[in-house]
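From first to last, the protein sequence lines are chains A and B. In terms of our numbering, the first sequence has 232 at position 232, counting the first letter as 1, and numbering is strictly consecutive. In terms of our numbering, the second sequence has 1100 at position 100, counting the first letter as 1, and numbering is strictly consecutive. Heads up, the thing below is written out as structure tokens.
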Amino acid sequence: MPESRENFPDGIDPAWRGARISRILIGKEPWETRRSTVHTKSGLPEHHPEEALLLDYAFGNAAEAVALILAIHLVFCPRCRATVAAMESAASRLVEGLPSRPMREAALDRLLLRLDEPEAVAEPDAALGYPAPLAAYLGSGEQARPWRKLGRGIEQLVLPTAPSATRAMLLRVAAGRRMPKHTHRGNELTLVLQGDYSDQYGRYAQGDFEAADGSLTHSPAIGKDEPCVSLVVLDAPLRLAGALGRIINPFVQL
Amino acid sequence: MSGEPIILADLGEVEPAALVARVAEGADRSAFAELFRRFAPRLKAYLMRLGADEGGAEEVVQEAMLTVWRRAATFDARQASVATWIFTIARNKRIDRFRRERRPEFDPHDPMLAPAADPAPDESLGAQQEECRLAEALAALPAEQADLLRLAFFDSLSHADIAARSGLPLGTVKSRVRLALGRLRRALDGS
């Protein structure tokens, strides 16, 4: 049994936090999976995005899908939040160094008249229970976006980011499976939301971030005990490696 | 609305965080007007420096400052200075408006947020003090690192764009960012 919630700084037991994600992403209570999330590591990620990516995010230069995967990593990672905060402070200093541009006359008066306007409700159908940045993309109820089966134990849910070469999708892969061996034409960013996988660089569990490019060929192996749900961002289609890769159709859709 | 003039108190000496608190707690229009006077012209300069025309910049500033009014209660002086908080709001409004994209942002009140370990009280610098140290470290960066940050910021270039345009190897760009950040972090850690 998890310990009392009072033992955790924000009142949320990390195991419970994992359990909630389990319930939502794989439709099962954590005790229905053989190895419940109680056994995940202390909750803090061990694999982080590079500083250059965090800089893109902090300065507002990351593509939407990239900003999304980084924002979700930040939910799980106080260390990278501190890094982004430092970069945002630096950006703010750069702004303060600019010669100021006086606002047009009456700009303040016009704004004061708007202060009592009711606020438009911008996010009508955010799904509950996901990390907030992801929830906004999933919709809920009737508008929940569907999973699509790709075969070989792989399911995919494409997220509605603005049209761009860079796309974001959730991938759910059954326990014990191995992703087809592949390399990358562009960049592949992966963030684990539930479960875990391993490749030659290590084991990746909730909150862990991996970046791969054309120099890396890998065949991630999903942990034996539960499905692995991850957010994947691609800026070019994957390239399958080896003879087996070429005959695996579904994967080409990624 | 009537044309009744709004009489605003003189708050020129009040700290920005205290102004935000007055907006949050008392919907204080005078405090909000003072925040607008101090920050709106800088935001406008930022937006125009990044390529907005004057009318577009003014509209984004209006949207950003309206968000400051509505979200004042979410400002946390332990996390950031007022200037940085307002900058992040304007940055996100700019992306919404000029790139027509959503800006995914983590929510500090997300129940799933993994908490940071609390520093011992005497170790934790106030956000204001941190930013002073950070400003010093920023001013002391080697030119190649400072130039890279300015290019990324003022020309809205991702690190990959910078590598493609400058002809610098991607690895060089990444390592300069890493070195610059190391210096900024060390300044904040006080070592």
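Beta carbons: idealized from backbone N, C-alpha and C, even for Gly. Note that this is a predicted model, so its numbers are computed, not measured.
Using a Cβ-Cβ distance under 8 Å, would residue i count as near chain B?
{"i": "A/S100", "result": "yes"}
{"i": "A/F209", "result": "no"}
{"i": "A/E119", "result": "yes"}
{"i": "A/T217", "result": "no"}
{"i": "A/G151", "result": "no"}
{"i": "A/E188", "result": "no"}
{"i": "A/E64", "result": "yes"}
{"i": "A/V158", "result": "no"}
{"i": "A/S92", "result": "yes"}
{"i": "A/A86", "result": "yes"}
{"i": "A/T83", "result": "yes"}
{"i": "A/V233", "result": "no"}
{"i": "A/S198", "result": "no"}
{"i": "A/R288", "result": "A question about residue 288 of chain A goes unanswered here, because the residues of chain A that appear run from 1 up to 254."}
{"i": "A/R172", "result": "no"}
{"i": "A/R148", "result": "no"}
{"i": "A/A106", "result": "no"}
{"i": "A/S22", "result": "The pLDDT assigned to A/S22 is 47, lower than 50, so where the model puts this residue is not dependable; a value taken from the coordinates is nonetheless given after this. No, because no Cβ of chain B sits closer than 8 Å to the Cβ of A/S22."}
{"i": "A/M169", "result": "no"}
{"i": "A/L138", "result": "no"}
Residues of chain B with CB closer than 8 Å to the CB of residue i, please, in chain order.
{"i": "A/G43", "result": "A1114"}
{"i": "A/L111", "result": "F1036, Q1062, M1065 and L1066"}
{"i": "A/V95", "result": "R1042, L1043, A1045, Y1046, A1083 and F1087"}
{"i": "A/V192", "result": "Chain B residues near A/V192: none, gap ~14 Å exceeds 8 Å."}
{"i": "A/P78", "result": "A1114, P1115, A1116 and A1117"}
{"i": "A/A132", "result": "F1106, D1107, D1110 and M1112"}
{"i": "A/A162", "result": "R1099, R1100, E1101 and R1102"}
{"i": "A/L68", "result": "P1104"}
{"i": "A/A71", "result": "P1104, E1105 and F1106"}
Please check if any C-beta of chain A sits within less than 8 Å of the C-beta of residue i.
{"i": "B/R1178", "result": "yes"}
{"i": "B/E1105", "result": "yes"}
{"i": "B/P1121", "result": "Because B/P1121 sits at a pLDDT of 48, beneath the cut-off of 50, its placement in the model cannot be relied upon, and the following sentence gives the value as read from the coordinates. No, B/P1121 lies away from the interface with chain A (no Cβ there is under 8 Å from its Cβ)."}
{"i": "B/D1010", "result": "no"}
{"i": "B/S1158", "result": "yes"}
{"i": "B/Q1079", "result": "yes"}
{"i": "B/D1110", "result": "yes"}
{"i": "B/A1072", "result": "no"}
{"i": "B/L1196", "result": "As shown, chain B starts at 1001 and ends at 1191. That puts residue 1196 of chain B outside it, with no answer to give."}
{"i": "B/A1033", "result": "yes"}
{"i": "B/L1184", "result": "yes"}
{"i": "B/E1131", "result": "yes"}
{"i": "B/R1097", "result": "no"}
{"i": "B/E1058", "result": "yes"}
{"i": "B/R1094", "result": "yes"}
{"i": "B/R1049", "result": "yes"}
{"i": "B/R1091", "result": "yes"}
For residue i, name the three-state secondary structure that DSSP assigns.
{"i": "A/V75", "result": "helix"}
{"i": "A/D199", "result": "strand"}
{"i": "A/E210", "result": "strand"}
{"i": "B/V1014", "result": "coil"}
{"i": "A/Y137", "result": "helix"}
{"i": "A/Y130", "result": "coil"}
{"i": "A/T40", "result": "Confidence is the limiting factor: at A/T40 the pLDDT is only 42, short of 50, which leaves the residue's position unreliable, though a coordinate-based value still follows. Three-state DSSP puts A/T40 in coil, outside helix and strand."}
{"i": "B/S1156", "result": "coil"}
{"i": "B/L1019", "result": "helix"}
{"i": "B/E1025", "result": "helix"}
Using the DSSP secondary-structure output, state which residues sit across from residue i in a beta bridge.
{"i": "A/H218", "result": "A/H182"}
{"i": "A/K149", "result": "A/E155"}
{"i": "A/L233", "result": "Looking at the sequence shown, residue 233 of chain A is not Leu but Val. A/A168 and A/L189."}
{"i": "A/Q194", "result": "A/V229"}
{"i": "A/V173", "result": "A/I154 and A/C228"}
Along chain A, which residues have their Cβ under 8 Å away from the Cβ of residue i?
{"i": "B/K1174", "result": "E50, E51 and A52"}
{"i": "B/A1152", "result": "L55, D56, F59 and N61"}
{"i": "B/L1168", "result": "Going along chain A, no residue has its Cβ under 8 Å from B/L1168, so there is no contact; the nearest lies around 12 Å."}
Whose Cβ in chain B lies nearer than 9 Å to the Cβ of residue i?
{"i": "A/S230", "result": "Within chain B, no residue comes near A/S230; the closest Cβ sits about 16 Å away, beyond 9 Å."}
Output, in chain order, the set of chain A residues within a Cβ distance shorter than 7 Å of residue i.
{"i": "B/L1188", "result": "A86"}
{"i": "B/A1135", "result": "R93"}
What does residue i touch in chain B if you count any residue whose Cβ is under 7 Å from its own?
{"i": "A/A165", "result": "Within chain B, no residue comes near A/A165; the closest Cβ sits about 12 Å away, beyond 7 Å."}
{"i": "A/A236", "result": "Those do not exist, as A/A236 stays about 13 Å from chain B at its closest Cβ, beyond 7 Å."}
{"i": "A/R145", "result": "Per Cβ cutoff of 7 Å: no residues; A/R145 is ~15 Å from chain B at best."}
{"i": "A/R185", "result": "Simply none; closest approach about 14 Å."}
Along chain A, which residues have their Cβ under 9 Å away from the Cβ of residue i?
{"i": "B/L946", "result": "Absent from the model: residue 946 of chain B. The displayed extent of chain B is 1001 to 1191, so no value can be given."}
Ignoring anything shorter than 4 residues, give me the alpha helix (DSSP H) runs that lie fully in the segment 48–112 of chain A, in order along the chain. Those alpha helix (DSSP H) runs which fall completely within the segment 48–112 of chain A and span 4+ residues are 51–58, 64–76 and 78–96.
Whole alpha helix (DSSP H) elements within the segment 1032–1117 of chain B, 4-residue minimum: Within the segment 1032–1117 of chain B, the complete alpha helix (DSSP H) segments at least 4 residues long are 1054–1070 and 1082–1094, listed from N- to C-terminus.
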